[in-house]
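>
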Amino acid sequence: MRQVKPFYFDITDDEIVYFQQESAKILRSATLILGEYTTKFEQAFAEYIGVKHAISCNSGSTALEFLLRIKKIEGTAVLVPTNTNFATVAAIIRAGGEARYLDMDKKTFAPTLAMVQEAIKRHQAKSKTPVSGVLWVHIGGVVSPEFLEVVRYCRKHGLFVMEDAAHAHGSQIKGVKSGNLADAAAFSFFPTKVMTTCEGGIITTNNDEEEYLARSFRNQGKRGVNFGGLHHDFGNSSRITEPGALLGLIQLKKLPQMLARRQRGYEIITKALDKAGLSYVSTAHMDAASQYKLIVHVPEGRHTDDLKKKLSGDGVLCGGGVYDLPCHKQPVFEGVCSGESYPGADRWCPNHLCPPLTSGMTEDDARYVGETLVKHLV
Ligand SMILES: Cc1ncc(COP(=O)(O)O)c(C=O)c1O
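Just so we're aligned, residue 379 is where the sequence shown starts under the numbering used here, counting upward by one.
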């Protein structure tokens, strides 16, 4: 039976040979961190996004935490969608901030501007803790059409906006790529993301001071190039490895090609969904989308787990949802914003599924995924 899987590591035999040769050079050089591949990868990533600086580190989680610590959020409240990965909310708490959840909209799986305004009002009515900004998440790589309005609103009110761009490599709206749409951003290179360095993350910013501090934070708080033995910041050993950066360079070079294949898969699958009148989170308003996840709404009265089982029985294996359980329901965050409700997230998180969409899928696979979704969801 045909099987279409939700994950695919996109690497060719030639790339494996190149990786082996260059890794051998790295090992012989004995420069295993902070060497030429880290520099080249950071420069190439900054150029790709169109920002002044890119600072790599060991994970997307670390990138988020460092961004927030650089922004000195300690003792302030930061707005964050409840519909996100554990890491987004955890970064706020680790950086000493208070997480204040935002609900989400069915159409984008993200908050709206009205939800941001309402959350600020609600918070101010209850608490004296100042709101410092918003940590926004481009769920599935989808940049909400309202995101730029949120950025404008926050700038007007002296609030920062950071992008959690863990899903959004290559996503672009109104001529600007995610990673350069707000004050600063954090990307993840976790193995399931649209490009990977095994483990890894990167901060993008146009701010020189932020760049300087991010480099210090990821290197045990040692500032500058000739840092000697002085530790100025409460940093960590959070560098990317040289082989990781090498893999990142290989992946970045082919990112446009990988994204084009994902886009083709998205177009084929959604054509079938459109024809059948099934609903999903569209990226039609964007210049380009990472197509990290295709978010399909489960029709009223149907059960997500049951549908996933039926799809799996026909060889269409769904990936994890984004997200099946919102953060306000995660046991670890018990006590965060307690007593508040998020009806959008409660309704839509359990009622969506993410069919396979990878750069390794053929057009025929995508047609099969589309047909199988229609067969079981209609
Ligand atoms: C939205 C989001 N933010 C942050 C992270 C954390 O990235 P990492 O796994 O590289 O720490 C992830 C993912 O894994 C994510 O999906």
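The C-beta atom is built at its ideal place from N, Cα and C for all residues, glycine as well.
(1) Can you grab the Cα-Cα spacing for the pair Ala-408 / Phe-419, in whole Å?
(2) With distances taken between CB atoms, is the gap from Ala-432 to Ile-580 smaller than 8 Å?
(3) Helix, strand or coil, according to DSSP, for Asn-614 in the structure here?
(4) Can you tell me which of the three DSSP states Cys-732 falls into?
(5) Taking C-beta to C-beta, are Ile-646 and Glu-749 nearer than 8 Å?
(6) What are the boundary residues of the beta strand (DSSP E) that includes Ile-433?
(7) Taking the alpha-carbon positions, what's the Thr-570 to Arg-406 distance?
(8) Start and end of the beta strand (DSSP E) containing Leu-491?
(9) Can you find the residues in the same chain that come closer than 8 Å, C-beta to C-beta, to Lys-653, ignoring five residues on each side of it along the sequence?
(10) Need the endpoints of the beta strand (DSSP E) that Val-456 sits in, please.
(11) Alpha helix (DSSP H) containing Asp-684: first to last residue?
(12) If we ignore side chains and look at the alpha-carbon of each, how far apart do Glu-443 and Phe-423 end up?
(13) Just to confirm, does Ser-437 get its C-beta within under 7 Å of one of the non-hydrogen atoms of ligand 1?
(14) Which ranges does the beta strand (DSSP E) cover as unbroken runs of at least 3 residues, wholly within the region 525-598, from first to last along the chain?
(15) The alpha helix (DSSP H) spanning Gly-406 covers which residue range?
(16) Which stretch, first to last residue, makes up the alpha helix (DSSP H) that contains Arg-478?
(17) Rounded to whole angstroms, what is the Cα-Cα separation between Gln-398 and Val-554?
(18) Between Asp-388, Ala-623, Lys-450, Ser-556, which has its C-alpha nearest Phe-426's C-alpha?
(19) Secondary structure at His-516, three-state DSSP: helix, strand or coil?
(20) Using a Cβ distance threshold of 8 Å, determine whether the region 543-553 contacts the region 667-684, with at least three qualifying pairs required.
(21) What first and last residue would you give for the alpha helix (DSSP H) that runs through Arg-725?
(22) Rounded to whole angstroms, how far is the Cβ of Met-540 from the Cβ of Gly-511, which I believe are closer than 8 Å?
(23) Could you tell me whether any Cβ in chain D is nearer than 8 Å to the Cβ of Arg-472?
(24) Tell me whether Val-694 is buried or exposed, calling it buried when 16 or more other Cβ atoms sit within 10 Å of its Cβ.
(25) Is the beta carbon of Pro-734 less than 8 Å from the beta carbon of Gly-697?
(26) Between the C-alpha atoms of Ser-437 and Leu-446, what's the straight-line distance to the nearest angstrom?
(27) Could you give the first and the last residue of the continuous alpha helix (DSSP H) run that contains Leu-672?
(28) Taking one C-beta from the region 670-679 and one from the region 713-725 each time, how about it: are there three or more such pairs within less than 8 Å?
(29) Ordered along the chain, which non-local residues of its own chain (more than five positions away) have a Cβ less than 8 Å from that of Arg-642?
(30) Express the C-alpha separation of Glu-414 and Glu-589 in angstroms, rounding to a whole number.
(31) Compute the Euclidean distance between the alpha carbons of His-516 and Val-700, then round it to the nearest angstrom.
(32) Could you check which residue in Val-382, Lys-383, Ala-623 has the C-alpha nearest to that of Phe-567?
(33) Starting from Glu-414, trace the alpha helix (DSSP H) in both directions and tell me its first and last residue.
(34) Could you work out which residue in Leu-731, Tyr-720, Ala-560, Ala-543 is closest to Arg-533 when comparing CA atoms only?
(35) Pick helix, strand or coil for Ile-411, following the three-state DSSP scheme.
(36) One question on the structure: do Lys-644 and Leu-651 come within less than 8 Å of each other, judged by their Cβ atoms?
The short version:
(1) Their backbone Cα atoms lie some 18 Å apart in a straight line.
(2) Yes, the Cβ-Cβ distance between Ala-432 and Ile-580 is below 8 Å.
(3) The three-state secondary structure of Asn-614, taken from DSSP, is coil.
(4) Correct three-state label for Cys-732: strand.
(5) Against a cut-off of 8 Å, the Cβ pair of Glu-749 and Ile-646 comes out as no contact.
(6) Start and end: 431-435.
(7) Whole-angstrom Cα-Cα distance: 30 Å.
(8) Taken as a continuous stretch (DSSP letters only), Leu-491 belongs to no beta strand (DSSP E), being part of the alpha helix (DSSP H) at 491-504.
(9) Closer than 8 Å at the Cβ level, and outside the excluded window around Lys-653, lie Val-752.
(10) Going by DSSP, Val-456 is part of the beta strand (DSSP E) stretching over 455-459.
(11) Under the DSSP assignment, Asp-684 falls in the alpha helix (DSSP H) whose first and last residues are 682-691.
(12) Near 20 Å, if we compare the C-alpha coordinates of Phe-423 and Glu-443.
(13) For Ser-437, the distance from the CB to the nearest heavy atom of ligand 1 is below 7 Å.
(14) Whole beta strand (DSSP E) segments, 3+ residues: 538-542, 562-566, 579-583.
(15) Note on identity: in this sequence residue 406 is Arg, with Gly being the wrong assignment. 391-407 is the span of the alpha helix (DSSP H), which, as asked, contains Arg-406.
(16) Not the alpha helix (DSSP H): Arg-478 falls in the beta strand (DSSP E), residues 476-480.
(17) Their backbone Cα atoms lie some 35 Å apart in a straight line.
(18) Here residue 426 is Tyr; the residue named in the question, Phe, does not match the sequence. Put simply, of Asp-388, Ala-623, Lys-450, Ser-556 the residue whose alpha carbon is nearest the alpha carbon of Tyr-426 is Ser-556.
(19) The DSSP-derived three-state label of His-516 is coil.
(20) Yes: at least three Cβ pairs fall under 8 Å.
(21) Its alpha helix (DSSP H) spans residues 721-726.
(22) The distance from the Cβ of Met-540 to that of Gly-511 is about 7 Å, consistent with a contact at the 8 Å cut-off.
(23) The chain labelled as chain D is not found in the depicted structure, where only one protein chain is given.
(24) Per the 10 Å Cβ criterion, buried.
(25) Less than 8 Å separates the beta-carbon of Pro-734 from that of Gly-697.
(26) C-alpha of Ser-437 to C-alpha of Leu-446: approximately 15 Å in a straight line.
(27) Per DSSP, Leu-672 belongs to no alpha helix (DSSP H) and is neither H nor E.
(28) Using a C-beta cut-off of 8 Å, the region 670-679 makes no contact with the region 713-725, since fewer than three inter-stretch Cβ pairs fall below that distance.
(29) The beta carbon of Arg-642 sits closer than 8 Å to those of Glu-741, Ala-744, all from its chain and outside the five residues before and after it, given in chain order.
(30) So the alpha carbons of these two residues sit roughly 18 Å apart.
(31) If I take the Cα positions, the gap works out to 10 Å.
(32) The residue with the shortest Cα to Cα distance from Phe-567 is Ala-623.
(33) Glu-414 -> alpha helix (DSSP H) spans 414-427.
(34) Scanning Leu-731, Tyr-720, Ala-560, Ala-543 for the CA closest to the CA of Arg-533 turns up Ala-560.
(35) Residue state for Ile-411 is assigned as strand, using DSSP reduced to three classes.
(36) Residue identity differs from the one stated: residue 644 is Tyr in this sequence, not Lys. Against a cut-off of 8 Å, the Cβ pair of Leu-651 and Tyr-644 comes out as no contact.
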